[in-house]
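Heads up, the sequence shown is in the numbering used here, so the first residue is 590 and it goes up one at a time.
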Amino acid sequence: MATNLVLYRKYRPQSFREVVGQDHVVQTLKNAVRGNLISHAYLFSGPRGSGKTSMARILAKAVNCKNPKEGEPDNTCDSCKEIQEGRALDLIEIDAASNRGIDEIRDLKEGIRFAPTKFKYKVFVVDEAHQLTKEAANALLKTLEEPPSHAIFVLATTEVHRMIPTIISRCQRFDFRKLQVPEIVARLENIAAKEKATIEKSALQVLAGHSGGSLRDAESLLDRVLTFHQGTKNIDAKAIQELLGIVEVHILSEFVDLLSAKKTSQTVQFLNQNLEKGMDPQEFAKNLVEYLRRVLILKLNAELLESISPGFTKEQQEKLAEQAKNMEGKFLTEALKHFMQAEKDMRYADIIQLPLELAIVDSTMKE
Ligand SMILES: Nc1ncnc2c1ncn2[C@@H]1O[C@H](COP(=O)(O)OP(=O)(O)O)[C@@H](O)[C@H]1O
Ligand SMILES: [Mg+2]
Ligand SMILES: [Zn+2]
């Protein structure tokens, strides 16, 4: 495997059609480019790693492309190439997180009066726009009130509630959503194939499930896995769980069996045996809460089995379904509360497994 670029950069989508999952945004932007109905200010809000920066760059290419096709950039003309190679003077990217943007916005106010050096549009991308200082935000607002016709602003933010409403109302707003496990898996399969890596689908499902809906994080995880398992013939779910320190499903499942049978001392013993073998207590608490949540969701709707247990084997899914069926609702919700509390308490506990042990006792020894 020859990666000299980190995967998430190497596989940054270069045209609208390559963007995963944000169909409503893609459709609207493509139509705008095609119909020459470009806004002067866009707001891209959404979680990290969902495609905001990528989309802003694609938009910058599309509006400046010499031969756009159906709203897509051709990726071969000079303008497209300059942007792709990160040397376009008319694409100005400002990171409001690094120095909160005071100097940049001042420069921007100066620079905005000048026409683009080469392109049709000067595109300003302000990343983490909610972090602009008050003065910078006000300066930006002034600019947005009367943007010159050659300027396009794209404000990106992960925390739209922290933006000032007057700025938001000046922009055409798009909400990016977290990516779903099947979408992430499909993208990772594609990348793995291009990297000529053999990795099982269940392994990719575990990875995707661990990424919190961020395709960027999923791709970084894949990077780690492929680097670590360089030359491995076949990478399976167990290998991923080990590498990421994810507690194996069968351990969680057995723990939950003992717990729901209210075998207090055996449950505590089982926990400690696994901790002695090197299981990470914090990770265990986190994974246990996730597992119990799955039981709860399945109790409410048994049909969700497939979608909430990515990376589980058939037997593990059957076991999960059985636990959901048999566990008493009240017991389950109480246990969830106790273990969520334990997960929090562990951060400050001197004896790190004590909050877990207490949660076991509290869950099983009521009355
Ligand atoms: N919707 C998406 N479609 C395809 N790739 C994506 C998407 N979102 C994120 N990625 C991947 O993650 C990387 C970082 O995405 P980026 O656009 O910078 O996300 P954001 O700005 O929302 O944090 C991209 O280079 C790409 O590899
Ligand atoms: Mg970004
Ligand atoms: Zn082009």
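Virtual Cβ for every residue (Gly too), placed ideally from N, Cα, C. All values reported here derive from a predicted model rather than from experimental measurement.
Bridge-paired residues (DSSP) for residue i
{"i": "L730", "result": "Answer by DSSP bridge pairing: none, since L730 is not bridged."}
{"i": "E661", "result": "K658"}
{"i": "A826", "result": "None; A826 has no bridge partner."}
{"i": "S604", "result": "Bridge partners of S604: none, in fact."}
{"i": "I941", "result": "I941 pairs with nothing; no bridge assigned."}
{"i": "I741", "result": "V712"}
{"i": "D684", "result": "D716"}
For residue i, three-class secondary structure by DSSP
{"i": "K711", "result": "strand"}
{"i": "L833", "result": "helix"}
{"i": "M590", "result": "Caution applies to M590, whose pLDDT of 44 falls short of 50 and renders its modelled position unreliable; the value that the coordinates give is listed next. It is coil, neither helix nor strand."}
{"i": "A704", "result": "coil"}
{"i": "L697", "result": "helix"}
{"i": "V622", "result": "helix"}
{"i": "D679", "result": "coil"}
{"i": "A786", "result": "coil"}
{"i": "S643", "result": "helix"}
{"i": "D612", "result": "helix"}
{"i": "L632", "result": "strand"}
{"i": "I691", "result": "helix"}
{"i": "V595", "result": "coil"}
{"i": "L721", "result": "coil"}
{"i": "L627", "result": "Reading off the sequence shown, one finds Ile at residue 627, where the question assumed Leu. Three-state result, I627: coil."}
{"i": "R637", "result": "coil"}
{"i": "C669", "result": "helix"}
{"i": "G798", "result": "helix"}
Residue i vs residue j beta-carbon contact at 8 angstroms
{"i": "F901", "j": "V814", "result": "no"}
{"i": "E808", "j": "I780", "result": "yes"}
{"i": "S854", "j": "D825", "result": "no"}
{"i": "A726", "j": "I681", "result": "no"}
{"i": "F742", "j": "F633", "result": "no"}
{"i": "P546", "j": "A649", "result": "An answer regarding residue 546 cannot be provided, because it is not within the stretch 590 to 956 covered by the chain."}
{"i": "V533", "j": "L925", "result": "No information on residue 533 is available, as it lies outside the stretch 590 to 956 that the chain covers here."}
{"i": "I647", "j": "S604", "result": "yes"}
{"i": "E568", "j": "H719", "result": "The question about residue 568 has no answer here: the residues shown for the chain are numbered 590 through 956."}
{"i": "V608", "j": "P602", "result": "yes"}
{"i": "K888", "j": "A913", "result": "yes"}
Beta carbon nearer than 7 angstroms to a non-hydrogen atom of ligand 3 | The answer, residue by residue, is K650, C654, K655, N656, P657, P662, D663, N664, T665, C666, S668 and C669.
Mind pulling the beta strand (DSSP E) runs of 3 or more residues that sit fully within the stretch 746 to 771?
-> Runs found: 761 to 764.
Every unbroken alpha helix (DSSP H) within the stretch 837 to 922, with a cutoff of 4 residues, ordered by chain = Taken in chain order, the unbroken stretches of alpha helix (DSSP H) that lie wholly in the stretch 837 to 922 and span 4 residues or more are 838 to 849, 853 to 865, 870 to 889, 894 to 897 and 903 to 915.
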